[in-house]
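A.B. asks:
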Amino acid sequence: MLQQYNRIMVAVDGSKEAELAFKKAVNVAKRNDAELLLVHVIDTRAFQTVAAFDSVLAEQATELAKKSLQEYTETANKEGITKISSVVDYGSPKTIIAKQLPKEKNVDLIMLGATGLNAVERLFIGSVSEYVIRNAPCDVLIVRTDLENHLPKEKN
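Just so you know, we're using this note's numbering here: the sequence shown kicks off at 144 and counts up by one.
Structure representation (structure tokens):
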């Protein structure tokens, strides 16, 4: 029996890795006639390092996220995806992507870009993708390659 996905969530943050995941998610959504859920999580821990919390920073981050999600939505539409929704959320990307949104939105596949963290960073803070793999209630696909299944070329 062929696996059929109905709601595919892809986390996008503007990184090259997220871009690869988005492109593959569009293709998987097309093949499955699935809804594409675009997610951007604003990590509120980033604001804790600012001595006096500035609401302007949060508003700017939110506006950038909304603009980015709109661009992803338009791109997916041009590729023929008609069922698209998007979410901007706030908090820990790990738990929101792995636990909260899959349950709230009935997600059956999560697609993420591979992390760029090195071994030391993973040891101390862990990667979002590693956490999602271990804790998500549904299938998870970590994207490392482009649409032709080639590793992206490193820029010198």
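C-beta: ideal position from N, C-alpha, C; glycine also.
Between LEU180 and LYS246, is the Cβ-Cβ spacing less than 8 Å?
C.D. replies: no
A.B. asks: Using C-beta distances below 7 Å, list every residue in its chain close to ALA194, excluding the 5 sequence neighbours before and after it, in chain order.
C.D. replies: Any reading at ALA194 needs caution, since the residue's pLDDT is 49, under 50, leaving its predicted position unreliable; the model's value is listed next. Excluding sequence neighbours, ALA194 sits near nothing in its chain.
A.B. asks: If I follow the unbroken beta strand (DSSP E) through ALA279, where does it start and stop?
C.D. replies: It is not in any beta strand (DSSP E) - ALA279 carries neither H nor E in the DSSP assignment.
A.B. asks: Count the other C-beta atoms from every protein chain shown that fall within 10 angstroms of the C-beta of PRO295, then say buried if there are 16 or more, exposed otherwise.
C.D. replies: With fewer than 16 other Cβ atoms within 10 Å, it is exposed.
A.B. asks: Using the Cβ count rule (16 or more neighbours within 10 Å means buried), how would you classify VAL169?
C.D. replies: buried
A.B. asks: Which word fits ARG174, buried or exposed, when buried means at least 16 other C-beta atoms lie within 10 angstroms of its C-beta?
C.D. replies: exposed
A.B. asks: Going by Cα to Cα distance, which pick from SER228, ASN278, MET254, LEU252 is closest to ALA241?
C.D. replies: ASN278
A.B. asks: Alpha carbon to alpha carbon, how far is GLU206 from ASP156? Give it in angstroms, no decimals.
C.D. replies: 13 Å
A.B. asks: Assuming LEU284 contacts LEU252 (C-beta within less than 8 Å), just tell me the rounded distance between them.
C.D. replies: 7 Å
A.B. asks: Could you check if GLY234 is buried or exposed, using at least 16 other CB atoms within 10 Å of its CB as the buried criterion?
C.D. replies: exposed
A.B. asks: Quick one: what does DSSP say GLU178 is sitting in, helix, strand or coil?
C.D. replies: strand
A.B. asks: What would DSSP say about GLU264, mapped onto helix, strand or coil?
C.D. replies: Residue confidence is low: GLU264 scores 48 on pLDDT, short of 50, so the model does not pin down where it sits. Its coordinate-derived value is still stated next. GLU264: helix per DSSP, three-state reduction.
A.B. asks: Measure the beta-carbon distance from ILE227 to THR238 and round it to whole angstroms, keeping in mind my assumption that it falls under 8 Å.
C.D. replies: Wrong, their Cβ atoms sit about 24 Å apart, outside the cutoff.
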